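Working notes for the structure below.
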Amino acid sequence: MSVFRLGEKPYPTQILQRKLYELLLQGRRIDGRGLLQHRPVSVELNVVEKAEGSAMVTLGKTRVVAGVKYDLGSPYPDTPDKGNLTVNAELLPLASRTFEPGPPDENAIELSRFVDRCIRESQALRLDQLVYVPGQKVGVVYVDVYVLDFDGDYFAPAVLAATAALASARVQRYEVQNGVVTKVAGERVPLPLVKLPTAAMIGILRDKVIVDPTALEEPALDASIVIGWGTDDELAAIQKDSPGLIPESLLDEMIEVSRNVTVRLRRTLMDRLRDVWRPAEDVSVGSQSQA
Amino acid sequence: MEKALLIREDGTRVDGRKPDELRPFRMEVGVLENADGSAYIEMGKTKIYAAVYGPKEAHPRHIAQPHRAILQCRYHMATFSVSERKAPGMTRREHELSKVIREALESVLFLEEYPRSMIEVFVEVIQADAGTRTAGLTAASLALADAGIPMADLVAGVAVGKVAGRLVLDLSEEEDKNCEADLPVGMAPSINSIVLLQLNGRLTREEFSEAMRMAKKGIEVLYEAQKKALQKRFAAYGEVTD
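Shown next as structure tokens:
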């Protein structure tokens, strides 16, 4: 591919690429990590008391907060037997000098839609258990994700924060009697979350595959993709999130690496959620209490 | 709600196709008068126009890059392209697809040949019947070639889905609505590279690898058709003889 100048980066980035690649050949990253090592992760639960569930996740110097709100609403016409899930993400201007205020740009939209797909497509949240009166009254789950500090890779911590917030959420319990939905005062129940989706960002520089690039590394990469797994064995979402060629020969390795990383993140999360979440199949927010 | 039988007992699909069979398709290059390059594609009932303007002066000027052209892309669906009328503006989905199509095209274009300028790609979906992002990408690549923008390779795309537990190539809308997974793939076949990759849905690793193999086979068929469509266009100018 060196015969043409395809995807040639600005000169300073080329110097960085050469430096990074030299290090990668020695099995190292510019911040001292190994190629397949993600930055230290921390998950703090219930950081916002007024939200039904919330989590603050830091991945190195990238920090994301997610909150869950719950409400009653009408189902979508094409899914009368399911609750609604609404995911929104914003790249806050305080997180980076490159983020601007205003309505969500394409990057924020992409992030929202990726987090949405990780939760929805993995079927982690049993939306069918959020129905009070079919076709009329269902639970509406809002997951809002804000990137607070950006040092590369907001996808992985955003999915982690959204999952943690959902898993630790406690929402108002409702009772249905003769088609009338009423609050059960003072009672809160967990959401029917049956899986813990996690995601990893995988970058390539020439023939080298790396995990969790920083903001310094990101522009020097040839290409990157983010890969979400619903369980240890099941992919849920993939997004090639930047321009660049991914050689077919590297794709399998990228998928395998993402699996190992997301399994590790899931273990970390399970450990963190030990007291608040169990992978139960039959949780319910009250629809089964129908008289 | 009862689901239609999507895979028949003999393994064929609801529209009679084999699992690895593309829908009937048609491509034509140079279909619009004003654009610098244009193309039209039909994949089953999906119908899409793509047009390219540029390279031209970057506007607004502050977005110009000193070392390369910037590429802009708008993927848009007509209000009547779907069963329920779609609002005319850009939805979040359209913003996302514009981004992935642009980045897929950017992967093969020699944008460094046109510093400080801009190239615009417009993808208009006239009728949507699944596979619009990948068909749009295939058409946009033809329109860029028609406009004479240098590129490392044509790109073509197709989706592989998992329907009733089976992997199938090039989902129709009926299949798309009831699928367990949808994997749109865009490739530059001559340089063995992936330019667009998304997944919505549940797949195991093994299924993913098999789906990628199916996508590649489909893309190779589309790629040959793209070259033929371009030859036909330039034969009309007397630049190529059949």
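Taken in order, these protein sequences are the chains called B and Z. Residue numbers for the first sequence follow this note's numbering, beginning at 1 and rising by one. Residue numbers for the second sequence follow this note's numbering, beginning at 1001 and rising by one. Ideal placement from N, C-alpha and C gives every residue a C-beta, glycine not left out. Since the model is a prediction, treat every value here as computed from it, not as a measurement.
CB contact check: Z/M1212 to chain B, cutoff 8 Å
yes
Would B/S293 count as contacting chain Z if we go by Cβ distances under 8 Å?
For residue 293 of chain B there is no data in the structure shown, the boundaries of chain B being 1 and 291.
Does the beta carbon of B/S242 sit closer than 8 Å to a beta carbon anywhere in chain Z?
yes
For the stretch 7–25 of chain B, which residues have a beta carbon sitting closer than 9 Å to at least one beta carbon of chain Z?
G7, E8, K9, P10, Y11
One question on the structure: do B/R173 and B/V189 come within less than 8 Å of each other, judged by their Cβ atoms?
yes
Would you give the residue range spanned by the alpha helix (DSSP H) that B/I119 belongs to?
106–121
Spatial distance of Z/R1205 from B/E234 (CA atoms)
7 Å
Per-residue burial, B/P157 [other beta carbons within 10 Å of its own, 16 or more giving buried]:
buried
Under 8 Å between beta-carbons, which chain B residues line up against Z/H1006? List them in chain order, please.
The amino acid occupying residue 1006 of chain Z in the given sequence is Leu; His does not appear at that position. Simply none; closest approach about 18 Å.
So, does the CB of B/Q129 fall closer than 8 Å to a CB anywhere in chain Z?
no
Short CB-CB distance (under 8 Å) between B/S2 and chain Z:
For B/S2, the predicted model reports a pLDDT of 42, less than 50, meaning its position is unreliable; a value from the coordinates is still stated below. Judged by the 8 Å Cβ criterion, B/S2 is not in contact with chain Z.
Per DSSP, what are the beta-bridge partners of B/W229 in this structure?
B/T198, B/L235
Among the residues of its own chain, which have a CB less than 7 Å from the CB of B/Q288, if the five just before and after it don't count?
Note that B/Q288 scores a pLDDT of 42, beneath 50, so its modelled location is shaky; the value from the coordinates is reported in the next line. Excluding positions up to five away in sequence, the list is empty.
Rounded to whole angstroms, what's the CA-CA distance from Z/K1056 to Z/F1110? Just pull it up for me.
Roughly 15 Å separates the two Cα atoms.
B/G67 versus B/A89, B/S74, B/T58, B/K82, residue with shortest Cα-Cα distance
B/A89
Straight-line CA distance for B/S42 to B/V145?
16 Å
Simplified DSSP assignment, three categories, for B/T268:
Note: B/T268 maps to helix in three-state DSSP.
Could you tell me which residues DSSP puts in a beta bridge with Z/M1187?
Z/A1156, Z/I1194, per the DSSP bridge assignment.
Any beta-carbon of chain Z closer than 8 Å to the one on B/G203?
no
Report the rounded CA-to-CA distance for Z/N1192 versus Z/S1141, giving the unit in angstroms.
16 Å
How about B/S289: is its C-beta nearer than 8 Å to some C-beta of chain Z?
Residue placement at B/S289 cannot be trusted, given a pLDDT of 39 that sits under 50; the coordinates are not used to answer.
List the DSSP bridge partners of Z/F1025.
Z/M1043
Can you name the residues of chain B whose CB is closer than 7 Å to the CB of Z/H1095?
E106, I109
B/L235 at chain Z interface by Cβ criterion, 8 Å
yes
Spatial neighbours of B/V143 within its chain, please: CB distance less than 6 Å, with the 5 preceding and 5 following residues excluded, ordered by chain position.
V68, V87, A162
Which runs of the beta strand (DSSP E) spanning at least 3 residues fall entirely within the stretch 1063–1123 of chain Z, listed in chain order?
1070–1077
Which two residues bound the contiguous alpha helix (DSSP H) that contains Z/A1225?
Run containing Z/A1225: 1205–1236, per the alpha helix (DSSP H) assignment.
Using 8 Å as the Cβ pair cut-off and three pairs as the minimum, do the stretch 198–211 of chain B and the stretch 1170–1185 of chain Z touch?
no
Please state the DSSP three-state secondary structure of B/S2.
Low per-residue confidence applies at B/S2: pLDDT is 42, beneath 50, and the placement is therefore not dependable enough to give any value.
Using Cβ-Cβ distances below 9 Å, what residues of the stretch 1188–1219 of chain Z are close to chain B?
A1188, I1191, N1192, S1193, I1194, V1195, L1196, L1197, Q1198, L1199, N1200, G1201, R1202, L1203, T1204, R1205, E1207, F1208, S1209, M1212, K1216
Starting from B/D294, find everything on chain Z with Cβ-Cβ shorter than 8 Å and list it in chain order.
Look at the range of chain B in this structure, 1 to 291, and you will see that residue 294 of chain B is not part of it.
Just confirm the distance between the C-beta atoms of B/L25 and B/V211, as a whole number of angstroms; I'd bet it's less than 8 Å.
Their Cβ separation, rounded to whole angstroms, is 17 Å, which puts B/L25 and B/V211 out of contact at 8 Å.
For the stretch 46–58 of chain B and the stretch 106–120 of chain B, state whether three or more C-beta atom pairs, one from each stretch, are separated by less than 8 Å.
No: fewer than three Cβ pairs fall under 8 Å.
Less than 8 Å between CB atoms is the rule here; does Z/G1011 satisfy it with respect to chain B?
no
Quick one, which of Z/R1085, Z/Y1040, Z/T1046, Z/S1098 has its alpha-carbon nearest Z/L1022's?
Z/T1046
By Cβ distance below 7 Å, which residues in the same chain neighbour Z/S1081 in space, the five residues on each side in sequence not counted?
V1125, I1126, Q1127, A1128
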